[in-house]
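Chemist: Quick note on my numbering: the sequence shown kicks off at 298 and runs consecutively.
Glycine included, each C-beta is placed from N, C-alpha and C at the ideal position.
Dumping the structure here so I can ask a few things about it.
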Amino acid sequence: KRTPHLIPLCHPIAITFVTVDFETGDDWIAVHATAKASDKTGVEMEALTGLSVALLTIWDLTKPVNPALEITAQRLVYKSGGKHGEWIHPDGMPPEVEKILAGWG
């Protein structure tokens, strides 16, 4: 909901659902942010902003343990609706994202 205040030219939209999901391994954390909106455009910016803030929060909380942590591979992997309909990243969707989307049924 703060995206228009953070990113120039992003306009406020009516978000209807947001979730942030986490997976962890011995030395990694994966974050998946998903969002739904009743408006026809811009929802991917809300999801990407949520993802960025989640990753920055994790980095900030863990920097005392390891300040050399890296945030990598932040990207949009799926979008539907809007002017262009359904879009899937050329590298495909990770199985974790397919599972999250299946739950939206």
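Quickly, what does DSSP pair tryptophan 384 with across the bridge? List them, please.
Modeler: Here residue 384 refers to the residue found at position 87 of the sequence shown. In the DSSP output, where bridge partners are listed per residue, tryptophan 384 has Lys376.
Chemist: Please give me, in chain order, every unbroken run of the alpha helix (DSSP H) with length at least 4 that falls completely inside the stretch 311-365.
Modeler: With a minimum length of 4 residues, the continuous alpha helix (DSSP H) runs that stay inside the stretch 311-365 are 340-359.
Chemist: Quick one: what does DSSP say phenylalanine 367 is sitting in, helix, strand or coil?
Modeler: Translated into the one-based positions of the sequence shown, residue 367 becomes position 70. Checking the displayed sequence, the identity of residue 367 turns out to be glutamate instead of phenylalanine. Glutamate 367: coil per DSSP, three-state reduction.
Chemist: Which of the three DSSP states is assigned to isoleucine 304 in this structure?
Modeler: The residue labelled residue 304 in the question sits at position 7 within the sequence shown. If DSSP states are grouped into helix, strand and coil, isoleucine 304 belongs with coil.
Chemist: Output yes or no for whether 7 Å exceeds the beta carbon distance between leucine 348 and alanine 330.
Modeler: Translated into positions along the sequence shown, residue 348 becomes position 51. Translated into positions along the sequence shown, residue 330 becomes position 33. Result yes, Cβ atoms of leucine 348 and alanine 330 sit closer than 7 Å.
Chemist: If the criterion is Cβ atoms closer than 7 Å, does the pair valine 374 and valine 394 meet it?
Modeler: Stepping through the sequence shown from its first residue, residue 374 is reached at position 77. Stepping through the sequence shown from its first residue, residue 394 is reached at position 97. A contact, by the Cβ cut-off of 7 Å.
Chemist: Going by alpha carbons, who is nearest to threonine 316 out of Thr369, Glu341 and Pro301?
Modeler: Counting from one through the sequence shown, the residue named residue 316 turns up at place 19. Ranking Thr369, Glu341 and Pro301 by Cα distance to threonine 316 puts Glu341 first.
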